[in-house]
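Structure first, then comments.
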Amino acid sequence: MGKLDGKVAVVVGGGRNIGRAISLLFAKEGAKIAIFDMDEGRAAGVAEEVEAQGGECTYVIGPVQDVNSVKNMVSTVVGRLGKIDILTNCAAISDRLPMLELPDEEYLRIVDVTMHGSYYTCKYVAEQMVKQGTGGAIVNFSSGSAFRGSTSRVAYDMAKGAIVTLTMDLAVQLGPHGIRANAIAPGITGSQVGGTIAMEDRSTRNVIGGRPGLPEEQASVALFLASDDAAHIHGQTINVDAGMNVM
405 MGKLDGKVAV VVGGGRNIGR AISLLFAKEG AKIAIFDMDE GRAAGVAEEV EAQGGECTYV
465 IGPVQDVNSV KNMVSTVVGR LGKIDILTNC AAISDRLPML ELPDEEYLRI VDVTMHGSYY
525 TCKYVAEQMV KQGTGGAIVN FSSGSAFRGS TSRVAYDMAK GAIVTLTMDL AVQLGPHGIR
585 ANAIAPGITG SQVGGTIAME DRSTRNVIGG RPGLPEEQAS VALFLASDDA AHIHGQTINV
645 DAGMNVM
């Protein structure tokens, strides 16, 4: 028996990196997977991987920052799979400039995708979960960047900090409906967020153990938080960062 047998899991940003690892692991644990992603090629590729290992996976393409696209995703997933039990939010983009050099339109784009996108998916998936009346689990992705100052980023760090607070508010407001909300704050994991730096080229000077994290290591924590193993955990953000937060 899998830990997620009979569940339907929406994986936002499921087409790459941590989202891909979550899609594959949750499917192995018995969940039906619905990927919500901007890139149809990546989403279809992960869906094929899920199906090759014996799982069931569908995908919906659209911008996470567009509220109508999110509403369409929810109704499409429910139409295809019948319900939604689990939401994981992995979609994000990042800036690479200090505040004084960051164009305002780029700032707005990053916050729109990384913060507003998480808010919209949480809101409208939670609305569906409340309607179903059987509870659920939300796993958001913050970042270690939310807890440290940076010389070369600001919008991404702000958005990921907001997700910590959003997760606490969700836990308080949705808990009475049997919906648990928690978050993960990864350190250096897999390939660069929204970029092209491969995992083997990522700096590891501030991690214990001397290597980047694997997407599968983040996925295993997401599985714990989404499953009944974490039934008594609400509103927490767990650092999965090889000790970066204590270095």
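All you need for this note's numbering is the position in the sequence shown, starting with 1, plus 404. We put the CB at the ideal spot given by N, CA and C, even for glycine.
Short Cβ contact (7 Å threshold) for residue i with residue j
i	j	result
Ala550	Val568	yes
Ile437	Cys461	yes
Asp645	Arg557	no
Val474	Tyr524	yes
Cys526	Gly417	no
Gly419	Val468	no
Ala587	Asn643	no
Leu429	Leu627	yes
Ala563	Val515	yes
Leu578	Ala530	yes
Thr593	Gly613	no
Glu433	Ile465	no
Met519	Ala456	no
Exposed unless 16 or more other CB atoms sit within 10 angstroms - verdict on residue i
i	result
Ala635	exposed
Lys535	exposed
Met648	buried
Gly458	exposed
Met477	buried
Met405	exposed
Val517	buried
Ala541	buried
Ile497	buried
Ser554	exposed
Pro619	buried
Arg615	exposed
Leu408	buried
Asp632	exposed
Arg446	buried
Val650	exposed
Residue range of the alpha helix (DSSP H) that includes residue i
i	result
Gly539	Note, Gly539: premise wrong, no alpha helix (DSSP H); not H, not E.
Val576	Ala559 to Leu578
Arg446	Glu444 to Ala456
Ala630	Pro619 to Ala630
For residue i, the first and last residue of its enclosing beta strand (DSSP E)
i	result
Arg513	No beta strand (DSSP E) contains Arg513, which is instead part of the alpha helix (DSSP H) from Asp508 to Val515.
Lys436	Lys436 to Asp441
Leu429	Per DSSP, Leu429 belongs to no beta strand (DSSP E); it is in the alpha helix (DSSP H), Asn421 to Lys432.
Val481	That residue, Val481, is in no beta strand (DSSP E); its alpha helix (DSSP H) goes Val471 to Leu485.
Ala589	Ile583 to Pro590
Ile465	Cys461 to Ile465
Ala496	Unbroken run through Ala496: none, as it is neither H nor E.
Thr641	Thr641 to Val644
Ile412	The question names Ile, but residue 412 is Val in the sequence shown. Where Val412 is concerned, the enclosing beta strand (DSSP E) stretches over Val412 to Val416.
Contact belief for residue i with residue j at Cβ below 8 Å, rounded distance in angstroms
i	j	result
Thr346	Thr641	The chain is shown from 405 up to 651; residue 346 falls before or after that span and cannot be answered.
Ala425	Gln622	7 Å
Pro590	Ser547	6 Å
Gly639	Ala585	6 Å
Gln532	Val471	Between Val471 and Gln532 the Cβ distance is about 14 Å, and since that is not below 8 Å, they are no contact.
Review point. Between the stretch 412-425 and the stretch 475-488, do at least 3 Cβ pairs fall closer than 8 Å?
Key: In short, these stretches touch, since the Cβ pair count reaches three.
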